[in-house]
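Residue numbers (the working numbering): 2 to 388.
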Ligand SMILES: NC(=O)c1ccc[n+]([C@@H]2O[C@H](COP(=O)([O-])OP(=O)(O)OC[C@H]3O[C@@H](n4cnc5c(N)ncnc54)[C@H](O)[C@@H]3O)[C@@H](O)[C@H]2O)c1
């Protein structure tokens, strides 16, 4: 069984280490910050003890998992690893220098993966002498609980490496989807309109945050409304992802960030973590109450859903991932109530095209352009699932 190396003992690295050790691997965790290493080790012990208390693990297994996770303060300990997953700060220059150093330590057949959310895997791989062994393995937060993992081969990745990584991560009990090395991969790209279109509806004064959240949860079946979700993720983090995706897509207006969110982030109204975001989380605070107007709610829900479907269809059209992987990614990565392409079939592809064209006709903005795939399918009466 491979020995696994994890670089970065922050929230993602620590979670991935726990998953790998639970699957039976010996895991080496390195962080340049000693405090982060100690915190991760204490958290692992706490988390395993909790699982043991709840009866989800027996004591001996919990001890064994802890015993095979080594927290080390030098990369030299990674000499015998078969796979290394990097989960350090989201900075291309720092990641490149770590990959370069790593390659001088590990064996020639060790696979090197990055957990980056927004950087180019090709750019990270370019730091290596053997870029063919590098790929993206993108876990979701918290890695111990979220089932989805995106595997991202770069242009340089050697044939067979992504398949090998997919099989390994599946053996850890995860659901793996394959994505092209493009901004946001699947989930962080296709989900953009959930936030962006909700913000646009708010900015236009069509509805307030509570009404939009109500429409998406009560009428749409989404687990969290967009504003509640943005407050949960953190407005700083959500804004940065949007801005990065926008820049990486060469300023395609479809991904344009919102001033509302930028200002909230600048004000330090980051959401739950600061006690104030779109909502006020102070005890006894007065928050807006949804206007439960079903007609308005249906307009909001249809508009956001159409933009999500359009994004999913375009991701398929641009061959970012397969139909099944796009639907799986959105249901398992962000808990959408249905796969977006299946949802499009249920609504009818022609209806989707009509609704998107109506938005485009109203605003005359490229943001609302209908995916050529939807248009082609509507013309030939095709469906995504052929049912
Ligand atoms: N947090 C998320 O929701 C999430 C989800 C998916 C992917 N990611 C990606 O995972 C990576 C890590 O994110 P995180 O949220 O765990 O970050 P984090 O800030 O919690 O942890 C990063 C850790 O890396 C360490 N570090 C920084 N530079 C280092 C170096 N040169 N060598 C060794 N260790 C170094 C830091 O000390 C810190 O402990 C990023 O690339 C991020 O984009 C994050």
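The beta carbon of each residue, even a glycine, is placed where N, CA and C say it ideally should be. Since we're looking at a predicted model, the values are computed, not measured.
- A distance below 8 angstroms separates the beta carbons of residue 137 and residue 117.
- Between residue 229 and residue 201, the alpha-carbon positions lie close to 16 angstroms from each other.
- Annotation: residue 268 is outside any beta strand (DSSP E); the continuous alpha helix (DSSP H) that includes it extends over 260-268.
- For residue 91, the distance from the CB to the nearest heavy atom of ligand 1 is below 7 angstroms.
- Residue environment for residue 252: exposed (fewer than 16 other C-beta atoms within 10 angstroms of its C-beta).
- Where residue 140 is concerned, the enclosing beta strand (DSSP E) starts and stops at 135-140.
- Listed in chain order, the non-local C-beta contacts of residue 236 below 7 angstroms within the same chain comprise 262, 265, 266, 270, 271, 272 and 278, local neighbours out to five positions each way being set aside.
- For residue 95, the shortest C-beta to heavy atom distance toward ligand 1 is below 7 angstroms.
- Here residue 205 carries a coil assignment [DSSP, helix/strand/coil].
- Distances taken from the Cβ of residue 13 to the heavy atoms of ligand 1 include one shorter than 7 angstroms.
- Within the DSSP secondary-structure output, residue 149 pairs in a beta bridge with 176.
- Taking the Cβ atoms as the reference, residue 71 lies roughly 7 angstroms from residue 78, within the contact range of under 8 angstroms.
- Contact between the stretch 105-116 and the stretch 146-166 is present: 3 or more CB-CB pairs across the two stretches fall below 8 angstroms.
- The beta-carbon distance between residue 178 and residue 330, rounded to whole angstroms, is 5 angstroms. This is short enough to meet the 8 angstroms contact definition.
- Between residue 385 and residue 346, the beta carbon gap of about 5 angstroms places them in contact (Cβ cut-off 8 angstroms).
- Here DSSP, grouped into helix, strand and coil, assigns residue 281 to strand.
- For residue 4, no alpha helix (DSSP H) encloses it; the enclosing beta strand (DSSP E) starts and ends at 4-8.
- For the stretch 24-109, the full-length alpha helix (DSSP H) segments reaching 4 residues or more read 35-54, 60-68 and 93-104 along the chain.
- At the C-beta level, residue 382 and residue 371 stay beyond 8 angstroms of one another.
- In this structure, the beta-carbon distance from residue 14 to residue 28 does not fall below 8 angstroms.
- In the DSSP annotation of this structure, residue 305 is not part of any beta strand (DSSP E); the continuous alpha helix (DSSP H) holding it starts and ends at 295-318.
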